[in-house]
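Below is one structure, written out as structure tokens, with a few remarks after it.
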Amino acid sequence: MLENCRWLLYASRFYGCHPHTINERSILKHFHLLLVYSLTMCSLHCVMAYYATDVSSCIAKNAMIVGCTLQRINQYSQSIYIILSILLSCLRHIEFERAVAAACKFDDLTRHYHWSINNVQINHYTQYFFMMVIIITWSVFGVLRKLAVPQMALHIIVIQCITRSTFSIEIAKFCFLYNALRHRFHRLNGLCCELAGIGVNIDIGVSGLHAKRLTLPNLQRLHCCLTNATNYLTSYYNIQLLCWISCLLIDILTFIFTILYGVNNTLLICVRCIILVQLTLQIIAISRVSHLTCDQANALAETVYSVQAFSFKYIKSCTEAIELGVFLRTHPLRVRICDLFNLDSRFIFSAFGVILMYVILASSIH
């Protein structure tokens, strides 16, 4: 599962957000040293948060108390979500290790069944590209903000750029991890289509010699491995996602009120609008990759239901397909955050609908 995001994991470990194994085949031996390093980096982020407080005047000081409060909260939330990510990654590291182990079990089983599924890894340059784009983007925003607000202290801009860059890399790591699981679910669906005799554009590489191992119980076993991996990974990210989404929504609300009621010049408005778009894209990316992963996981039930039971090759009885279809339908995979809401595409519309209503209500009161 880590094959497509290993360099993102190295970058994450550098600033303390990943005290786990980088190689999924290795045994966790140096966790205590990594834990000490993570806590040290957490202390460093706390110091940076203290010195990153912007002493500039509150927006709409005599106009909008709601926007002023949001701006004060936003000054600390930019560092809080990194500090919480470090602490939670230490406390919940076992769940991450379990997710990696479950994904490795899936890979081992596919090799055991001699199903040479095409497992093309994402090029390392893709990870470099994303990291460089993130760092350069926030650095450019920092330079433009300094040009727009010359009186702002340079160290505040540097700290904010570092904090936002690390947070964006964390989101990229999250997307890469879930995307790796999505690809595995997609290949598993290709195996099911092959078993049902449906033509698919997936190089599954099942030879006739080992085709008899391509049975519904084996597919269910593989699906269970990936489902467990996704559930463990969701458990690891559960509280982190709640903090991330909360801080991102606060960021978005703050920038909206700052654009509407703050003292702005043309350059500053453009910079804030672009940052607002980028924050929005981050929420969309988190929700979208979770939604696509769950869709691929639940697609196996649709395939089983859409094909008549006797169409499956090497099937012992029709009850196998019926039982598998019923089980998958009654146990759909969902990325649920702290038992509060499902992280899917509908969440995006709900979140931005609430933001829109809040802005309209606050503006009407004003």
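Take the sequence shown: its position 187, counting from 1, is numbered 229 in the working numbering, and each next residue is one higher. We put the CB at the ideal spot given by N, CA and C, even for glycine.
Next on the checklist: I'd like the span of the alpha helix (DSSP H) that includes C267, first residue to last.
Outcome noted: 258 to 303
Item to check | Three-state class that DSSP yields for I64 in the structure shown | outcome: coil
Item to check | Beta-carbon separation (whole angstroms), E45 vs S127, contact threshold 8 angstroms | outcome: The distance from the Cβ of E45 to that of S127 is about 23 angstroms, inconsistent with a contact at the 8 angstroms cut-off.
Item to check | One or two residues paired with I379 in a DSSP bridge | outcome: F383
Checklist entry - My guess is that Q282 and S210 are in contact by the Cβ rule of under 8 angstroms, so how many angstroms apart are they, rounded? => result Going by Cβ atoms, the distance from Q282 to S210 rounds to 14 angstroms, so no, they are not a contact pair.
Next on the checklist: Using the three-state DSSP reduction, which class does G58 fall into: helix, strand or coil?
Outcome noted: coil
Next on the checklist: Quick check: the Cα distance between T205 and T257, rounded to an integer number of angstroms?
Outcome noted: Roughly 49 angstroms between the two C-alpha positions.
Item to check | Which of helix, strand or coil DSSP assigns to R134 | outcome: coil
Checklist entry - How would you label V377, buried or exposed, when you count the other beta carbons within 10 angstroms and need 16 or more for buried? => result buried
Checklist entry - Would you call the CB atoms of L342 and L230 closer than 8 angstroms? => result Less than 8 angstroms separates the beta-carbon of L342 from that of L230.
Checklist entry - Nearest to I397 by CA position, among H197, H135, L295, G184, is which residue? => result L295
Checklist entry - Is the region 144 to 151 touching the region 256 to 272, taking contact as three or more C-beta pairs under 8 angstroms? => result Contact check between the region 144 to 151 and the region 256 to 272: three or more CB pairs, one atom from each, fall below 8 angstroms, which counts as touching.
Next on the checklist: Less than 8 angstroms between the beta carbons of R134 and Y278, yes or no?
Outcome noted: yes
Item to check | Beta-carbon proximity of I64 to L51, cut-off 8 angstroms | outcome: Contact check for I64 against L51 passes: the beta carbons are separated by less than 8 angstroms.
Checklist entry - Just how far apart, CA to CA, sit S80 and L219? => result Those two C-alpha atoms are separated by around 21 angstroms.
Next on the checklist: Determine whether the beta carbon atoms of N307 and A144 lie at a separation below 8 angstroms.
Outcome noted: No.
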